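Visitor: Read in UniProt numbering, the sequence shown has 47 at position 47, and its numbers run on one by one without any break.
Glycine residues also receive a C-beta, built at the ideal position from the N, C-alpha and C atoms.
Predicted, not measured: the structure shown is a model, and the values here were computed from it.
Please read through the structure below; I'll follow up with questions.
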Amino acid sequence: MTLKKLDRALPLALLHAREATLKPFRQELDDIGLTVQQWRVIRVLAEGKPCCATELAERCVLMPPSLSRILKTLTERGLIERIEDTDARRRRVQITTEGCRRYTAMSQKAAGIYEDLEEKFGAEKMETLLDLLNELYDVARAA
Numbered sequence: 001m002t003l004k005k006l007d008r009a010l011p012l013a014l015l016h017a018r019e020a021t022l023k024p025f026r027q028e029l030d031d032i033g034l035t036v037q038q039w040r041v042i043r044v045l046a047e048g049k050p051c052c053a054t055e056l057a058e059r060c061v062l063m064p065p066s067l068s069r070i071l072k073t074l075t076e077r078g079l080i081e082r083i084e085d086t087d088a089r090r091r092r093v094q095i096t097t098e099g100c101r102r103y104t105a106m107s108q109k110a111a112g113i114y115e116d117l118e119e120k121f122g123a124e125k126m127e128t129l130l131d132l133l134n135e136l137y138d139v140a141r142a143a
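Below, the structure is given as structure tokens:
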């Protein structure tokens, strides 16, 4: 088997697509003072329930050391707060009122960005792409 040409290499294609799709989000996030990684944390907390750092790292696709720095920054800025867990050895994180305000502002902008991208790419193709990426994720994890 031979190595694929660069323009057909899956990891590079995924990275190029990621960077291109994130560009408009980064511009909007800069306006509200959040990084892409911080936004992922805010979004997961806003759309779910308080959770521990391990679960948050997995759901946000972040390495634990990176998540620790992000949690520290978001806590200092008053966007999230740590709360006690039923297991006294663990602590959970939840979004604050200010974090919810930022989430609301950005989620409306994000919806517009998604809508524009889907309109240009095609709704059916977008659904197919997401299904295929989720299937690829499952296959790669099982390998």
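#1: Is the separation between the beta-carbon of A57 and that of Y103 shorter than 7 Å?
#2: With DSSP collapsed to three states, give me the class of I113.
#3: Thinking C-beta only, is L71 closer than 7 Å to T96?
#4: What's the C-alpha gap between D116 and V44?
#5: So what does E135 bridge to, in DSSP terms?
#6: Between which two residues does the alpha helix (DSSP H) carrying E84 extend?
#7: Hey, how far is the Cα of L136 from the Cα of L12?
#8: Quick one: what's got a C-beta closer than 6 Å to I42's C-beta in the same chain, skipping five residues either side?
#9: Looking at C-alpha atoms only, which residue of E81, R101, D30, G33 is the closest neighbour of A53?
#10: Short check: CB of P65 to CB of R92, under 7 Å?
Guide: Answer, in terms of the structure:
#1: Position 57 of the sequence shown, counted from the first residue, corresponds to residue 57. Position 103 of the sequence shown, counted from the first residue, corresponds to residue 103. Cβ atoms of A57 and Y103: not closer than 7 Å.
#2: As a working mapping, residue 113 is identified with position 113 in the sequence shown. Here I113 sits in helix by DSSP.
#3: For this step, residue 96 is matched to residue 96 along the sequence shown. For this step, residue 71 is matched to residue 71 along the sequence shown. No, the pair does not count as a contact, with Cβ atoms beyond the cut-off.
#4: The count along the sequence shown starts at 1 and reaches residue 116 at position 116. The count along the sequence shown starts at 1 and reaches residue 44 at position 44. Their Cα atoms are separated by approximately 23 Å.
#5: Reading the sequence shown from its first residue, position 135 is the one you call residue 135. Answer by DSSP bridge pairing: none, since E135 is not bridged.
#6: Looking up residue 84 in the sequence shown gives position 84. It is not in any alpha helix (DSSP H) - E84 instead sits in the beta strand (DSSP E) that spans 80–84.
#7: Position 136 of the sequence shown holds residue 136. Position 12 of the sequence shown holds residue 12. Taking the straight line joining both Cα atoms gives about 15 Å.
#8: Counting from 1 along the sequence shown, the entry for residue 42 is found at position 42. Same-chain partners within the cutoff: G99, Y103.
#9: Indexing the sequence shown from 1 puts residue 53 at position 53. Per the Cα distances, E81.
#10: Position 65 of the sequence shown, counted from the start, is the residue given in the question as residue 65. Position 92 of the sequence shown, counted from the start, is the residue given in the question as residue 92. Not closer than 7 Å, so no.
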